[in-house]
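Undergrad: In this note's numbering, the protein residues as written are 328 to 603. Handing you this structure, nothing more for now.
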Ligand code: GLU
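Here you go:
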């Protein structure tokens, strides 16, 4: 091989190696899922009301949303794979699941590694403290011990508003509840809806614990999938918008966050469907 041909080959290899994987190169994941009729979905089991065990089965808002989306895509055989905030990204990147619906905020840094659907929910980060705590909001956090769950946006967000708080990172939301119950931390922080969900599992029940102050971040939730699967992403977005338009979304939303629930005063989400 002469030098010119070798150089040309190197350039070609470099270009192939560096170009983003297209649907063609990776295979069309939507087509594969529809052909087999089965999918592996990463879901939370420690994150009420989005994903938690109910009578031994995964239940929650995320579970209901993805079940409806997948039915609209003609995919009936759904294997729910438990993930945590700490391992969800890796589970998707390693190909152990096909998609994730896991109380997961669409962030720009995550978006570099995976693709997201349009937002299907939005929350804001809050603080949960004992009812008799003197913490009234983020302004009281300096020098206080505050618990967060690994792999979530929460640590970064607290550092923006209360850099002098003493942060204690635990592995998952079950451990976060335990840290507050044991008095190892004075406050725990994550998305407000999740805090309200976790409050039930604390000693003394919901009345012994309260939210302190206003939400201090914006957390748009998206369904995550491998990068550059535009057919899959378009189909998921289309299903979400159809759910919004035909009232299925509202029905699910009301069943989890409606007037009869402890979440009613804290969530107001309206999707932004594309115009017809
Ligand atoms: N929504 C936030 C996040 O994606 C916090 C909740 C969670 O970790 O699942 O990081």
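No residue lacks a Cβ here, since even glycine has one placed at the ideal position from N, Cα and C. Everything numeric in this text was worked out from a predicted model, so none of it was measured.
Write down every uninterrupted run of the beta strand (DSSP E) in the stretch 378-418 whose length is 3 residues or greater and which is fully enclosed by it, in chain order.
TA: You should have 379-381, 384-386, 404-410.
Undergrad: CB of residue 374 to nearest heavy atom of the ligand GLU: below 8 Å?
TA: yes
Undergrad: Bridge partners of residue 498, per DSSP?
TA: Per DSSP, none; premise fails for residue 498.
Undergrad: Go ahead and label residue 539 buried or exposed: buried means 16 or more other beta carbons lie within 10 angstroms of its beta carbon, across all protein chains shown.
TA: buried
Undergrad: Please tell me whether residue 545 and residue 455 are closer than 9 Å, where the distance is taken between their beta carbons.
TA: no
Undergrad: Would you mind working out which of 570, 586, 602 sits nearest residue 448, comparing C-alpha positions?
TA: 570
Undergrad: Would you tell me roughly how many angstroms separate the C-alpha atoms of residue 411 and residue 453, rounded to the nearest one?
TA: 19 Å
Undergrad: Is there at least one non-hydrogen atom of the ligand GLU closer than 8 Å to the beta-carbon of residue 431?
TA: yes
Undergrad: Return helix, strand or coil for residue 572, following the three-state DSSP convention.
TA: helix
Undergrad: Heavy atom of the ligand GLU less than 8 Å from the Cβ of residue 480, yes or no?
TA: yes
Undergrad: What is the residue span of the alpha helix (DSSP H) that residue 521 lies within?
TA: 519-526
Undergrad: Should residue 366 and residue 425 be called a contact, given that it needs their Cβ atoms to be closer than 9 Å?
TA: If you check the CB distance, residue 366 and residue 425 come in under 9 Å.
Undergrad: Under the rule that 16 or more other beta-carbon atoms within 10 Å means buried, what is residue 530, buried or exposed?
TA: exposed
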